[in-house]
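Enquirer: Here it is, the structure, as structure tokens.
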Amino acid sequence: MFRVTLTTLIFIYLAVFLNSVFFVWIMWNWKRARQSRRALRYRLRCALCAFEFEDTTTTLLPRCPRCGSLNERFRPSSL
Ligand SMILES: [Zn+2]
């Protein structure tokens, strides 16, 4: 049996606790970013009238339902 001082024991306890909090925070943030990407996957913004719409087709240049212009598939930036 090896001997451990109280200071070392407290240090180990704090290190394990903080590492687990950090790991949970990283996983939560990763999950939140993934959900955000999935929600905005088909969302497009018209370059002409700035109207945001969803297009689930695979067309190269989707047409804006408001003004009818053709748009490239740029992802709208999130705030
Ligand atoms: Zn438009």
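Residues 613 to 691 in this note's numbering are what the sequence shown lists, from first letter to last. Note that CB positions come from ideal geometry on N, CA and C, so glycine has one too. Keep in mind that this is a model prediction, so the values were computed, not measured.
Using a strict less-than 6 Å threshold between each residue's beta carbon and the heavy atoms of ligand 1, what residues do you get?
Expert: This selection yields Cys658, Leu660, Cys661, Phe663, Cys676, Arg678, Cys679, Ser681.
Enquirer: Measuring CA to CA, which of Ser681, Ser632, Leu630, Thr617 is closest to Cys658?
Expert: Here residue 658 refers to the residue found at position 46 when the sequence shown is read from its first residue. Out of Ser681, Ser632, Leu630, Thr617, Ser681 has the C-alpha closest to the C-alpha of Cys658.
Enquirer: For Leu656, count neighbouring C-beta atoms within 10 Å of its own C-beta (all shown protein chains included) and say buried if the count is 16 or more, exposed if not.
Expert: Your numbering for residue 656 matches position 44 in the sequence shown. Per the 10 Å Cβ criterion, buried.
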